[in-house]
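Trainee: Sequential numbering of the sequence shown, starting at 358, is according to the numbering used here. Structure incoming, see below.
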Amino acid sequence: MTTLIEPALLERELLSSRARTVQLTADLAGERLLGPMLAIVNPPLWEIGHVAWFQEWWCLRDGASAAPTDSMLSGADRLYDSAKVAHDTRWNLPLPVIESTRAYGEEVLDRVIRRLRREPDNAGLQYFAQLAVFHEDMHAEAFHYTRQTLGYPDPFPAPAALPVSHGPNRGDVELPGGAFQLGAVPDSGFVFDNEKWAHPVRIEPFSIARDPVTNGEFLEFVEAGGYRRREWWSEPGWSWRTGAGAEAPHYWMRQGNAWLQRRFETAAPLAAGHPVIHVNWHEAQAFCRFAKRRLPTEAEWEYAAAWDARAGSKRRYPWGGTGPAAAHANLESSGPVAVGAFSEGDSASGCRQLIGNVWEWTESGFEPYPGFVIDPYKEYSQPWFGTHKVLRGASFATTRRLVRNTFRNFYTPERNDIFAGFRTCAAR
Ligand SMILES: [Fe+2]
């Protein structure tokens with residue numbers, strides 16, 4: 358199932374993932390523990406308990422077996438199993454108070470760590486401990502979305518000012534394409550079922566932008582009447598736009614002749630050189646039609662991120678084979694930075710910020726790769742095939758340990774609460 362990992366490393370990851378959950382939720386109290394009932398958020402009190410339950414289920418209760426053992430918290434399965442507890446009922450459950458919820462999470466984590474020490478050769482346990490870490494990391498990013506959605510303060514210090522290292526547009530790189538192995542190869546560490554396995558695809562020659570689309574570029578679309586001109590929108594896109602009454606990206610606010618953008622609880626002047634963020638797939642598509650461009654397919658995105666033509670092989674990260682260092686990518690930070698930053702993270706093809714800053718919508722629908730086999734956490738991928746669009750890369754709120762070139766994120770095309778932007782390709 359997985360190669361053995363040093364228990365001390367896993368232990369550090371479990372502790373650091375929990376510390377992040379606490380950091381993102383520590384100040385939530387009173388009404389904010391439940392918050393408003395919205396389709397795009399969970400009640401934080403539920404979500405904190407759910408993360409603990411998930412870890413207990415897979416790492417202590419043998420969740421993959423036919424007969425999982427009982428939870429240490431009586432009735433936990435009826436509260437926290439996201440596959441069985443309907444989203445809109447989560448505000449009305451008899452949830453334990455926050456102190457008991459956190460204590461449950463601490464007890465689970467403590468027992469998982471003790472078990473990992475006791476069973477250093479248990480590869481299955483290690484697999485599920487990693488799954489719990491990544492699951493908790495994804496919920497941490499979701500807490501970040503919730504804080505933006507609800508206008509709560511930014512839990513992290515403001516990003517360090519980084520120099521804008523180029524003008525508004527560095528143009529495209531032309532790539533030859535050809536035969537490419539899309540997806541993860543075995544023995545490359547933990548990967549999700551939807552990344553398995555690398556399989557041949559044919560990529561036609563294409564040109565892709567070195568940088569994500571900026572606020573400044575997207576503003577041209579807005580000011581050209583982009584949200585009012587039917588011809589730039591697809592049928593479902595126009596239906597979304599009219600239903601939502603959208604006139605600009607969700608958090609943009611016009612003030613006289615200027616634009617502001619809300620980030621968490623404050624509004625600041627729109628930063629022209631930052632990537633556009635909080636646009637959904639429909640808005641990305643409409644911009645592309647306006648600009649006579651198109652979104653990359655996920656195969657093109659992965660090729661641009663991973664293919665090292667000189668070496669004749671794929672890289673695990675755009676910059677090479679080693680995990681992200683501080684200079685490579687804007688990860689685990691407080692917010693987006695200018696698209697010119699992080700040149701050390703450039704791919705062999707010459708694209709920047711493929712990982713970090715903002716997730717990038719691709720043209721592709723979320724579908725299984727050939728020969729797809731479901732992993733024990735059955736609800737991770739399969740329920741979402743066919744309805745979601747693929748995003749690649751990572752955002753400023755993603756953890757370092759989660760990123761790699763083959764990672765596939767997926768959301769429905771109307772979601773604009775997530776930290777997503779996009780880059781474009783020259784039209785075919
Ligand atoms: Fe979950």
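Backbone N, C-alpha and C fix where the C-beta goes; we use that ideal spot for every residue, glycine too.
#1: Short of 8 Å in beta carbon distance, which residues of its chain neighbour residue 631, apart from the five on each side in sequence? Order them along the chain.
#2: Let's test the definition: count the other Cβ atoms within 10 Å of the Cβ of residue 372 and tell me whether it reaches 16, buried, or not, exposed.
#3: Could you check if residue 361 is buried or exposed, using at least 16 other CB atoms within 10 Å of its CB as the buried criterion?
#4: Use the C-beta contact count for residue 685: other C-beta atoms within 10 angstroms, 16 or more gives buried, fewer gives exposed.
#5: Quick check on this structure: which residue in 721, 647, 478, 682 has the alpha carbon closest to the alpha carbon of residue 578?
#6: I'd like the list of long-range same chain contacts for residue 666, defined as Cβ closer than 7 Å, with 5 residues on each side in sequence excluded.
#7: Whose CA, out of 690, 488, 421, 385, lies closest to the CA of residue 509?
#8: Report the rounded CA-to-CA distance for residue 505 versus residue 466, giving the unit in angstroms.
#9: When you compare the CB positions of residue 627 and residue 641, do they come within less than 8 Å of one another, or not?
#10: With C-beta atoms as the reference, is residue 489 less than 8 Å away from residue 547?
#11: Going straight from the alpha carbon of residue 520 to that of residue 698, what length do you get?
#12: Per DSSP, what kind of secondary structure is residue 621 in: helix, strand or coil?
#13: Within 10 angstroms of the Cβ of residue 471, are there 16 or more other Cβ atoms? Answer buried if so, exposed if not.
#14: Exposed or buried, what is residue 731 when buried is set at 16 or more other beta-carbons lying within 10 Å of its beta-carbon?
#15: Buried or exposed: residue 562, going by 16 or more other Cβ atoms within 10 Å of its Cβ?
#16: So for residue 470, helix, strand or coil by DSSP?
#17: Compute the Euclidean distance between the alpha carbons of residue 492 and residue 768, then round it to the nearest angstrom.
#18: With DSSP as the reference, label residue 429 as helix, strand or coil.
#19: DSSP state of residue 593, grouped into three classes?
#20: By how many angstroms is the C-alpha of residue 756 removed from the C-alpha of residue 457?
#21: Using DSSP with H/G/I as helix, E/B as strand and the rest coil, what is residue 693?
#22: Based on Cα-Cα distance, which residue from 585, 388, 559 lies nearest to residue 532?
#23: Within the stretch 599 to 679, note down every full alpha helix (DSSP H) run reaching 4 residues or more, in order along the chain.
#24: Run the proximity test for residue 545: is its beta-carbon closer than 7 Å to any non-hydrogen atom belonging to ligand 1?
#25: Smallest Cα separation from residue 419: which of 507, 603, 485, 582?
#26: DSSP puts residue 783 in a beta bridge; with which residues?
#27: Beta-carbon within less than 7 Å of residue 594's beta-carbon, same chain only, minus the 5 sequence neighbours each way: which residues are those?
#28: Measure the C-alpha to C-alpha separation of residue 374 and residue 753 and round it to an integer number of angstroms.
#29: Counting only runs of 3+ residues fully inside the stretch 361 to 436, write out the beta strand (DSSP E) ranges in chain order.
#30: For residue 749, which three-state DSSP category applies?
#31: At which residue ranges does the stretch 560 to 593 contain complete alpha helix (DSSP H) runs of 4 or more residues, listed in the order of the chain?
#32: Should residue 599 go down as buried or exposed, given a rule of 16 or more other Cβ atoms within 10 Å for buried?
#33: Could you give the DSSP three-state label for residue 358: helix, strand or coil?
#34: Determine, using beta carbons only, whether residue 675 and residue 702 come nearer to each other than 8 Å.
#35: Tell whether a beta-carbon distance below 8 Å holds between residue 720 and residue 654.
#36: With hydrogens ignored, establish whether the beta-carbon of residue 444 is closer than 7 Å to any heavy atom of ligand 1.
Mentor: For this structure:
#1: 571, 572, 693, 694, 695, 696
#2: exposed
#3: exposed
#4: buried
#5: 647
#6: 705
#7: 385
#8: 28 Å
#9: no
#10: no
#11: Confidence is the limiting factor: at residue 520 the pLDDT is only 49, short of 50, which leaves the residue's position unreliable, though a coordinate-based value still follows. Each residue's alpha carbon lies about 7 Å from the other.
#12: coil
#13: exposed
#14: exposed
#15: exposed
#16: helix
#17: 16 Å
#18: coil
#19: helix
#20: 27 Å
#21: coil
#22: 559
#23: 638 to 648, 655 to 663
#24: no
#25: 485
#26: 650
#27: 639, 642, 643
#28: 16 Å
#29: none
#30: strand
#31: 572 to 580
#32: exposed
#33: Residue confidence for residue 358 is low, a pLDDT of 49 falling below 50, so the modelled location carries little weight; the figure read from the coordinates is stated next. Of the three classes helix, strand and coil, the one that applies to residue 358 here is coil, per DSSP.
#34: yes
#35: yes
#36: no
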